[in-house]
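Working notes, structure below.
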Amino acid sequence: MRYSDPRLVQHLAAAYVLGTLGGGARRRFHRLLRQRPDLALAVAQWEGRLGRLASVVPPATPSPRVWEAIAARTRPAAPTLPESAPRATRGWRWLPGVAAFGAGAAVAMALWLTLPGLLVTPDQVAMRTGERLPQSYVGLLTDAGGDGKLLVSSLRHGRTLVVKAIGPMPAPATGRQLVLWAVPGNGPPFALGTAPASGSAQSQLPDTSERLLAKVTKLVVTEEAAGALPAMPGVPLYTGNCAKLW
Amino acid sequence: MNPPPEPNLQQLLAATARGDHQAFEQVYHRTHAHLFGVALRMLGREQAAEDVLQEAFVSVWRNAGQYRSQVEGQEIQPMTWLIAIVRNRALDTLRSAAWRREAPAREADGDDEGASPPGDATPSALELFARASDALRLQDCLRGLDGTHRQSLALAYYQGLSHREVAAQMRAPLGSVKAWVRRGLEKLRHCLSPGEPP
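Top line first, the protein sequences correspond to chains H and R.
Sequential numbering from 1 applies to the first sequence in the numbering used here.
Sequential numbering from 1001 applies to the second sequence in the numbering used here.
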């Protein structure tokens, strides 16, 4: 059916809105509505006319369960947090701003609130649901030519530092090692650990990244003598900014 | 200082479209009793009407951005849009195979009028149509409309009956019912100019 005759359009739109357009024709008409502004207009007009007939239908009160069910299916997330939730304040402060949290996150949050000992941190929740990257400090170190060589990352409240080689680098000479330094905006550089020339390496930090890196603006890699870490860096091989990923 | 004016339904729907859940709750709060009444009148069973209301509002939350206050210059009231969503959901339920399968069981429950609402005080579809004609001041315009036309239109609109169901309820031939409904709609169209305030 081509639905081109205006009288036919009127008739079908009226029957569609009233509900007397039968099975297959109803579905076909519904699909056509998206493509045909003339049909959409006729339907809107008929909804306006017939909608006025509904004004005299006596109102009725549904069970409060209806709204509860609707809210459960639509509420974006972010339950109000109990004041007494242990350890919660600091890590949770950013949560209300996270708009679109999935049901998985809600379940994980509930789990975390009821069983704080299970150590499901907000970062882990965020990672698991795939809604966002976890709060981390990251740095991309490049050589003098701007080519990316090393990727540094550490969870904001974690104590693990991951350094991954992302570009070809000459291995340090025997008896030498690559050392990663943090350079604060207003203080002397300090060594974070060694860096691999290929693959990735993981090391433990003496404190959380938040405490160590909050004021760090730059990351630097130098080649140093193997053994104990020196107090001051030598000539930088690779450099990059230290960024907060949140 | 005067308190700020309450947002109207149109503003609340716009806020809902931006993800404001409190605005959405306000939309529900202001409209659910009327919309539930419409669904209950069509389905005749509270549980089914509650299911329709729930599905309709979940769909409103997801599609609030599709509400347009105008379509091709035609003004659309928010309530009109909401009623259409609820009625379409209710019609989907009424036309579903599952609903039809359960029809004999519903009648066996003692609900011998099928889709009629519970309670003796409930006005019939024809009574509702008469009240609407009064409320909308259409009595004169609709005077020429035969009783059978009114009744078939009223059963289709308020109870969501199909042509076949209207024919069965009125014990009239299917072809006649189709003609009555069509004639009733044409008459209504002439009596109710679109966009005119009630």
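Here a beta-carbon is modelled for each residue, glycine too, at the ideal position from N, C-alpha and C.
Close beta carbons around residue i, own chain, < 7 Å, minus the five adjacent residues each side
{"i": "ILE1076(R)", "result": "ARG1068, SER1069 and GLN1070"}
{"i": "LEU303(H)", "result": "Residue 303(H) lies beyond the stretch modelled for chain H, which goes from 1 to 246, so this question has no answer here."}
{"i": "ARG1164(R)", "result": "LEU1174"}
{"i": "THR222(H)", "result": "VAL179, TRP181, PRO233, GLY234, VAL235, PRO236 and LEU237"}
{"i": "LYS244(H)", "result": "TYR137"}
{"i": "GLN1169(R)", "result": "LEU1155 and LEU1161"}
{"i": "GLY265(H)", "result": "Residue numbering for chain H in the displayed model covers 1 to 246; residue 265(H) lies beyond these limits and cannot be assessed."}
{"i": "ASP1112(R)", "result": "Per-residue confidence for ASP1112(R) stands at a pLDDT of 44, beneath the threshold of 50, marking its modelled position as unreliable; the derived number appears in the next sentence. Nothing meets the Cβ criterion."}
{"i": "GLY199(H)", "result": "ALA165"}
{"i": "ALA13(H)", "result": "LEU39, ALA42, VAL43 and TRP46"}
{"i": "VAL1058(R)", "result": "none"}
Whole-number beta carbon distance between residue j and residue i, since they are thought to touch under 8 Å
{"i": "LEU1053(R)", "j": "VAL1027(R)", "result": "About 12 Å; that fails the 8 Å criterion."}
{"i": "GLY23(H)", "j": "ARG1100(R)", "result": "Contact flag wrong, Cβ pair sits at about 11 Å."}
{"i": "LEU1145(R)", "j": "LYS1187(R)", "result": "5 Å"}
{"i": "ALA60(H)", "j": "ALA1033(R)", "result": "6 Å"}
{"i": "VAL1181(R)", "j": "THR20(H)", "result": "6 Å"}
{"i": "HIS1221(R)", "j": "PRO76(H)", "result": "Not covered by the structure: residue 1221(R). The range shown for chain R is 1001 to 1198."}
{"i": "THR1016(R)", "j": "MET1079(R)", "result": "Rounded, the Cβ-Cβ distance is 14 Å, inconsistent with contact."}
{"i": "GLY1037(R)", "j": "VAL57(H)", "result": "5 Å"}
Alpha carbon of residue i to alpha carbon of residue j, nearest angstrom
{"i": "PRO96(H)", "j": "GLU210(H)", "result": "Low local confidence applies: a pLDDT of 42 at PRO96(H) is under 50, so the model's placement there is unreliable, with the coordinate-based value given in what follows. Roughly 21 Å between the two C-alpha positions."}
{"i": "ALA214(H)", "j": "ASP207(H)", "result": "12 Å"}
{"i": "ALA72(H)", "j": "GLY1019(R)", "result": "15 Å"}
{"i": "VAL220(H)", "j": "TRP181(H)", "result": "5 Å"}
{"i": "VAL17(H)", "j": "ALA44(H)", "result": "9 Å"}
{"i": "ARG7(H)", "j": "ARG1041(R)", "result": "31 Å"}
{"i": "GLN10(H)", "j": "LEU1013(R)", "result": "29 Å"}
{"i": "TRP1061(R)", "j": "ALA69(H)", "result": "13 Å"}
{"i": "PHE190(H)", "j": "ARG159(H)", "result": "16 Å"}
{"i": "GLY1184(R)", "j": "PRO1004(R)", "result": "45 Å"}
{"i": "ALA195(H)", "j": "CYS242(H)", "result": "16 Å"}
{"i": "ALA1084(R)", "j": "SER1176(R)", "result": "27 Å"}
{"i": "ASN1008(R)", "j": "ALA1023(R)", "result": "10 Å"}
{"i": "ARG28(H)", "j": "CYS1141(R)", "result": "34 Å"}
{"i": "ASP1199(R)", "j": "ARG1150(R)", "result": "Residue 1199(R) lies beyond the range of chain R shown here (1001 to 1198); nothing can be said about it."}
{"i": "HIS157(H)", "j": "LEU205(H)", "result": "11 Å"}
{"i": "GLY146(H)", "j": "LYS218(H)", "result": "15 Å"}
{"i": "ARG65(H)", "j": "GLN1010(R)", "result": "26 Å"}
{"i": "ARG52(H)", "j": "LEU1136(R)", "result": "8 Å"}
{"i": "GLU47(H)", "j": "SER153(H)", "result": "57 Å"}
{"i": "ASN1063(R)", "j": "GLY187(H)", "result": "54 Å"}
{"i": "LEU41(H)", "j": "THR1093(R)", "result": "25 Å"}
{"i": "ALA1105(R)", "j": "ARG26(H)", "result": "27 Å"}
{"i": "ALA15(H)", "j": "ALA1097(R)", "result": "21 Å"}
{"i": "ALA1167(R)", "j": "GLU1006(R)", "result": "47 Å"}
{"i": "ASP5(H)", "j": "ALA1172(R)", "result": "30 Å"}
{"i": "GLU1046(R)", "j": "GLU1072(R)", "result": "37 Å"}
Nonlocal neighbours in the same chain, by C-beta distance under 6 Å from residue i, ignoring five residues either side
{"i": "ALA1039(R)", "result": "ALA1049, VAL1052, LEU1053, VAL1086 and ALA1090"}
{"i": "LEU1138(R)", "result": "CYS1191"}
{"i": "MET253(H)", "result": "This structure gives no information on residue 253(H), because the portion of chain H shown stretches from 1 to 246."}
{"i": "MET109(H)", "result": "The predicted model places MET109(H) with a pLDDT of 49, which falls under 50 and marks its position as unreliable, so this point remains unresolved."}
{"i": "TRP246(H)", "result": "GLN135"}
{"i": "PRO172(H)", "result": "LEU178 and GLU223"}
{"i": "GLY1065(R)", "result": "ALA1017"}
{"i": "THR1148(R)", "result": "TRP1180"}
{"i": "TRP67(H)", "result": "none"}
{"i": "LEU50(H)", "result": "VAL17"}
{"i": "GLY227(H)", "result": "none"}
Spatial neighbours of residue i in its chain, beta-carbon cut-off 8 Å, leaving aside the 5 residues before and after
{"i": "VAL216(H)", "result": "TYR137, ALA182, VAL183, PRO184, GLY185 and CYS242"}
{"i": "LEU1035(R)", "result": "LEU1053, ALA1056, LEU1082, ILE1083 and VAL1086"}
{"i": "LEU1153(R)", "result": "PHE1129, TRP1180, VAL1181, GLY1184, LEU1185 and LEU1188"}
{"i": "ALA247(H)", "result": "Residue 247(H) lies beyond the stretch modelled for chain H, which goes from 1 to 246, so this question has no answer here."}
{"i": "ALA1132(R)", "result": "LEU1138"}
{"i": "ALA231(H)", "result": "none"}
Proximity test, residue i beta-carbon vs the ligand FMN heavy atom, cut-off 6 Å
{"i": "HIS157(H)", "result": "No copy of the ligand FMN appears in this structure; indeed no ligand is present at all."}
Chain C contact for residue i (CB, 7 Å cutoff)
{"i": "ARG1137(R)", "result": "Here chain C cannot be found, since the structure's protein chains are H and R."}
Report yes or no: do three or more beta-carbon pairs, one from the stretch 231 to 239 of chain H and one from the stretch 141 to 161 of chain H, lie closer than 8 Å?
yes
For the stretch 1120 to 1133 of chain R against the stretch 1152 to 1171 of chain R, do three or more pairs of beta-carbon atoms, one drawn from each stretch, fall closer than 8 Å, so that the two count as touching?
yes
Go through the stretch 126 to 207 of chain H residue by residue and report every complete run of the beta strand (DSSP E) that reaches 3 residues or more, in order.
136 to 142, 148 to 155, 160 to 165, 176 to 184, 190 to 195 and 200 to 204
Every unbroken alpha helix (DSSP H) inside the stretch 1047 to 1076 of chain R [4 residues or more]:
none
So within the stretch 1118 to 1176 of chain R, which uninterrupted alpha helix (DSSP H) runs reach at least 4 residues, ignoring any that extend past its ends?
1125 to 1135, 1139 to 1142, 1147 to 1159 and 1163 to 1170
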